[in-house]
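In full-length UniProt numbering, the protein residues as written are 1 to 692.
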């Protein structure tokens with residue numbers, strides 16, 4: 001029995017006697033005079049041992065810490081991201097966590113990767129891989145295409161067909177890798193487009209031979225998916241149809257070939273329109289294509305693979321505010337004489353470039369993002385351009401002082417008040433700031449940021465910004481025309497001179513661009529004003545009532561909507577009292593407002609029609625994107641025509657502010673994707689039939 005107890009204690013009898021003797025000797029050496037505690041008959045239970053894991057019970061500490069928090073108090077941990085928190089909520093949810101296994105399911109995959117495959121099985125695997133790759137590029141497409149059934153002629157050789165199918169798929173992969181490799185060169189756009197066109201042709205072959213493949217569901221197992229570290233928790237595999245994937249790959253190839261045209265530089269405004277129109281396509285190009293466009297434009301801080309940012313920005317300044325100006329003459333950098341005015345001009349212009357580079361560079365980068373992120377980034381960019389405008393005013397004064405008695409063309413002269421009033425650099429910055437503010441407002445309509453009852457106010461604000469842009473462009477144009485006249489007029493001690501060919505071309509191009517900008521801004525001003533009046537009429541007559549909001553007010557909502565524009569300066573953000581008075585127009589009757597809207601719509605329609613007739617290079621400045629730009633402009637023209645029909649319908653209904661005429665119209669406000677242009681939400685108006 002003693003031996004059994006010793007064994008249960010974990011030792012032999014001899015070892016127990018030895019340990020007892022040692023213990024008695026130690027007790028004799030102890031300085032403690034208190035009676036010793038008798039030895040336990042059983043040793044304490046051993047703690048569980050786990051490889052590399054130490055378990056600690058923190059229940060008490062957690063409850064004590066939680067007790068110190070008030071109701072509704074939130075704790076933010078900067079190291080615990082939103083992605084991780086959402087992933088933690090989804091863990092062990094069978095609908096969201098593919099790693100959640102039923103008790104009867106094996107964890108290891110049973111698919112044999114070493115087994116031989118038939119050629120048609122290889123075709124099926126590649127096609128399934130194409131489907132999965134297409135889905136990873138963004139959200140699932142909203143259009144499901146029907147399957148094209150093509151019966152195979154019996155005389156064809158099956159083995160040869162499968163060989164051609166495999167060849168088409170390998171050719172597609174090879175062309176894709178070749179396209180990525182060549183894109184790093186950023187030269188010779190025609191050569192860079194060849195692999196993209198080869199991909200397009202190969203994808204057509206893939207689409208035609210898809211029926212030859214044989215599906216292998218086990219080759220793409222969820223058990224393999226859950227072992228990947230790319231998602232946490234792992235997501236279920238989405239299985240889109242092959243037709244969806246094929247159509248998306250075809251569009252991917254077409255967009256890839258089209259984006260290469262961005263390297264064909266004509267002028268900065270054509271480059272800007274290219275990015276704008278390319279990103280505005282519906283559906284928007286995939287992330288890979290948008291990233292490729294960013295890389296083509298400004299990889300390694302080299303614009304389009306061959307130009308400096310200074311060269312592009314100087315071209316922009318020359319086109320907008322400084323045509324044929326000595327301020328942009330590159331020879332100024334070679335002047336070393338401190339007393340020479342050109343030395344000071346070069347120093348001040350370089351200071352301006354260093355200050356403007358980041359903001360100008362960021363405009364192109366921002367426009368390459370998705371639409372929601374573009375609007376958010378543009379809101380932040382407005383503040384930077386406002387600061388740049390203030391700094392540019394100081395540099396304008398320094399440049400004018402440095403020029404002194406000299407003469408600098410393009411709106412900077414030494415005679416009369418024009419020299420101090422031209423301010424070309426700050427005018428350039430202010431024009432861009434106004435354009436950014438318009439884009440933010442217009443993207444708000446496209447992204448459905450505004451409620452239906454907010455449309456009158458936001459369209460009025462858009463018309464306000466467009467009107468400011470018209471006035472500012474007219475001011476720039478007046479200084480440009482005055483510079484030409486002063487150059488050709490004789491002065492004291494100097495005869496009248498004629499412009500050189502280069503100077504004449506610079507002035508002509510600048511005036512042509514300013515004219516196109518005036519037409520565009522005027523048409524936007526008129527159409528936005530017309531829609532604001534029309535929506536205000538519908539609200540005043542009760543056809544489109546304003547919902548009750550007991551926990552808010554119009555002034556607070558105005559402050560919220562105008563928060564992105566508060567950084568633009570007080571002149572670009574009218575007070576709420578003025579805003580409300582201009583939107584409601586209480587001093588005008590309904591008939592007067594409808595008449596004004598009718599005239600404004602007619603002017604907008606003529607303006608957009610004039611834009612569609614402009615030349616690609618010399619008038620519209622839409623080189624290499626003219627077709628897309630014209631299509632969008634025609635969409636604006638159709639919106640103006642549709643708005644005219646809606647106004648005419650309201651006039652026919654003889655609306656007034658009396659209650660007896662309410663609810664005579666059926667009003668449908670479409671979503672932006674159903675409009676002719678996503679920036680112009682025109683309501684569909686029909687007159688209700690009279691009750692019998």
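By construction, the Cβ of each residue, glycine as well, lies at the ideal position given by its N, Cα and C atoms.
Given the structure is predicted, the values throughout are model-derived calculations rather than measurements.
Worksheet item: Count the other CB atoms within 10 Å of the CB of residue 289; is the residue buried (16 or more) or exposed (fewer)?
Response: For the purposes of this step, residue 289 is taken as the residue at position 289 of the chain shown. With 16 or more other Cβ atoms within 10 Å, it is buried.
Practice prompt. Could you check if residue 437 is buried or exposed, using at least 16 other CB atoms within 10 Å of its CB as the buried criterion?
Written response: Residue 437 sits at position 437 when you count from the first residue of the chain shown. When all chains shown are included, residue 437 counts as buried.
Worksheet item: For the putative contact between residue 265 and residue 271, defined by C-beta atoms under 8 Å, what is the C-beta separation to the nearest angstrom?
Response: Residue 265 sits at position 265 when you count from the first residue of the chain shown. Residue 271 sits at position 271 when you count from the first residue of the chain shown. Residue 265 to residue 271, Cβ: 6 Å. Contact.
Worksheet item: Across which residues does DSSP place residue 260 in a beta bridge pair?
Response: If you number the chain shown from 1, residue 260 lands on position 260. DSSP lists no partner for residue 260.
Fill in: Same chain, Cβ closer than 7 Å to residue 460, five either side skipped, listed in chain order
Here residue 460 corresponds to residue number 460 of the chain shown, with the count starting at 1. The answer, listed in chain order, is 532, 582 and 583.
Practice prompt. Starting from the C-beta of residue 566, find all residues in its chain whose C-beta is less than 8 Å away, skip the five residues before and the five after it, and write them out in chain order.
Written response: Within the chain shown, the letter at position 566 stands for residue 566. The answer, listed in chain order, is 573.
Practice prompt. Check the DSSP bridge columns for residue 385 and list the partner residues they point to.
Written response: As a position in the chain shown, residue 385 is number 385, starting the count at 1. For residue 385, which the question treats as bridged, DSSP gives no partner whatsoever.
Fill in: Spatial neighbours of residue 597 in its chain, beta-carbon cut-off 6 Å, leaving aside the 5 residues before and after
For the purposes of this step, residue 597 is taken as the residue at position 597 of the chain shown. Contacts found: 530, 533, 534 and 647.
Discussion item. By alpha-carbon positions, which one of 428, 378, 422 and 304 ends up nearest to residue 356?
Written reply: Numbered from 1 along the chain shown, position 356 holds the residue referred to as residue 356. It is 428 whose Cα lies nearest to the Cα of residue 356.
Fill in: Nearest-angstrom Cα separation, counted from residue 129 out to residue 114
Taking the first residue of the chain shown as position 1, residue 114 is located at position 114. Taking the first residue of the chain shown as position 1, residue 129 is located at position 129. So the alpha carbons of these two residues sit roughly 19 Å apart.
Discussion item. Between which residues of its own chain and residue 520 is the CB-CB distance below 7 Å, once the five residues before and five after are set aside?
Written reply: For the purposes of this step, residue 520 is identified with residue 520 of the chain shown, where counting begins at 1. Cβ neighbours of residue 520 beyond the five flanking positions: 611.
Worksheet item: Considering residue 578, what are the terminal residues of the alpha helix (DSSP H) in which it resides?
Response: Counting from one through the chain shown, the residue named residue 578 turns up at place 578. Note, residue 578: alpha helix (DSSP H), 576-584.
Discussion item. Just verifying my parser: in three-state terms, what is the DSSP assignment at residue 665?
Written reply: As a working mapping, residue 665 is identified with position 665 in the chain shown. Three-state DSSP puts residue 665 in a strand.
Discussion item. Quick check on DSSP: helix, strand or coil for residue 685?
Written reply: In the chain shown, counting from the first residue as 1, residue 685 sits at position 685. DSSP places residue 685 in strand when its eight states are reduced to three.
Worksheet entry | 7 Å CB neighbourhood of residue 463 in its chain, flanking five on each side removed | The count along the chain shown starts at 1 and reaches residue 463 at position 463. 525, 528, 529 and 532, listed in sequence order.
Fill in: residue 481 - containing alpha helix (DSSP H), residue span
Taking the first residue of the chain shown as position 1, residue 481 is located at position 481. Taken as a continuous stretch (DSSP letters only), the alpha helix (DSSP H) holding residue 481 covers 455-488.
Worksheet item: For residue 651 versus residue 594, is the C-beta spacing smaller than 8 Å?
Response: Sequence index remark: in the chain shown, residue 651 carries index 651 (1-based). Sequence index remark: in the chain shown, residue 594 carries index 594 (1-based). Contact: yes.
Item to complete: Note down the Cα distance separating residue 181 from residue 253, rounded to an integer number of angstroms.
Response: Position 181 of the chain shown holds residue 181. Position 253 of the chain shown holds residue 253. Each residue's alpha carbon lies about 15 Å from the other.
Worksheet item: So residue 626 is in the alpha helix (DSSP H); what residue range does that whole segment cover?
Response: In the chain shown, counting from the first residue as 1, residue 626 sits at position 626. Its alpha helix (DSSP H) spans residues 626-652.
Item to complete: Have a look at residue 435 and residue 426 and give me their C-alpha separation to the nearest angstrom.
Response: Taking the chain shown and counting its residues from 1, the one referred to as residue 435 is at position 435. Taking the chain shown and counting its residues from 1, the one referred to as residue 426 is at position 426. Rounded to whole angstroms, residue 435 to residue 426 spans 14 Å at the Cα level.
Worksheet item: Which value, in whole angstroms, describes the spacing of the CA atoms of residue 609 and residue 634?
Response: Counting from one through the chain shown, the residue named residue 609 turns up at place 609. Counting from one through the chain shown, the residue named residue 634 turns up at place 634. Straight-line Cα distance between these residues: approximately 7 Å.
Discussion item. Between the alpha carbons of residue 675 and residue 451, how many angstroms are there, rounded?
Written reply: For the purposes of this step, residue 675 is identified with residue 675 of the chain shown, where counting begins at 1. For the purposes of this step, residue 451 is identified with residue 451 of the chain shown, where counting begins at 1. Each residue's alpha carbon lies about 16 Å from the other.
Worksheet item: Which residues in the same chain have their Cβ closer than 8 Å to the Cβ of residue 442, if we skip the five residues on either side of it in sequence?
Response: In the chain shown, the residue the question calls residue 442 occupies position 442. Within the same chain, residue 442 has close Cβ partners 462 and 679.
Worksheet item: Of the residues 74, 510, 504 and 631, which one's Cα is nearest the Cα of residue 267?
Response: Looking up residue 267 in the chain shown gives position 267. Nearest of 74, 510, 504 and 631 to residue 267, Cα basis: 510.
Worksheet entry | Coarse secondary structure for residue 303, derived from DSSP in three states | Within the chain shown, the letter at position 303 stands for residue 303. Residue 303 falls in the strand class under three-state DSSP.
Worksheet item: Which residues in the same chain as residue 192 place their Cβ atom closer than 6 Å to its Cβ, once the five residues preceding and following it in sequence are excluded?
Response: Working through the chain shown from its first residue, we reach residue 192 at position 192. Closer than 6 Å at Cβ, skipping near neighbours: 182 and 260.
Discussion item. Quick test of your reading: residue 541 and residue 590, contact by CB under 8 Å. State the CB separation rounded to the nearest angstrom.
Written reply: Walking along the chain shown from the start, residue 541 turns up at place 541. Walking along the chain shown from the start, residue 590 turns up at place 590. Sure, about 6 Å apart at Cβ, within 8 Å.
Worksheet item: Taking C-alpha atoms, which residue in 440, 216 and 238 lies nearest to residue 131?
Response: As a first step, residue 131 is located in the chain shown; it is residue number 131 there, counting from the start. Residue 238 is the option with its Cα nearest to residue 131.
Worksheet item: Going by the beta-carbon positions, is the gap between residue 639 and residue 629 smaller than 8 Å?
Response: Against the chain shown, residue 639 aligns to sequence position 639. Against the chain shown, residue 629 aligns to sequence position 629. No, these two residues do not count as a Cβ contact at 8 Å.
Worksheet entry | Extent of the continuous alpha helix (DSSP H) to which residue 558 belongs | Position 558 of the chain shown, counted from the first residue, corresponds to residue 558. Here the alpha helix (DSSP H) through residue 558 covers 554-561.
Discussion item. Looking at residue 445: is its Cβ nearer than 8 Å to the Cβ of residue 472?
Written reply: For this step, residue 445 is matched to residue 445 along the chain shown. For this step, residue 472 is matched to residue 472 along the chain shown. Not a contact, by the Cβ cut-off of 8 Å.
Worksheet entry | Beta-carbon contacts of residue 179 that lie in its chain and below 8 Å, excluding the five residues immediately before and after | Counting from one through the chain shown, the residue named residue 179 turns up at place 179. Contacts found: 192, 195, 196, 199 and 256.
Worksheet item: When DSSP labels each residue in this structure, what does residue 680 get in the three-state scheme?
Response: Locating residue 680 in the chain shown gives position 680, counting from the first residue. Three-state DSSP puts residue 680 in a strand.
Fill in: Member of 454, 506 and 536 whose CA lies at the smallest distance from the CA of residue 549
Along the chain shown, one-based indexing puts residue 549 at 549. For the residues 454, 506 and 536, the minimum Cα distance to residue 549 belongs to 454.
Worksheet item: Whole-angstrom Cβ separation of residue 686 and residue 666, contact assumed at under 8 Å?
Response: Stepping through the chain shown from its first residue, residue 686 is reached at position 686. Stepping through the chain shown from its first residue, residue 666 is reached at position 666. Indeed they touch by this definition, with Cβ atoms about 5 Å apart.
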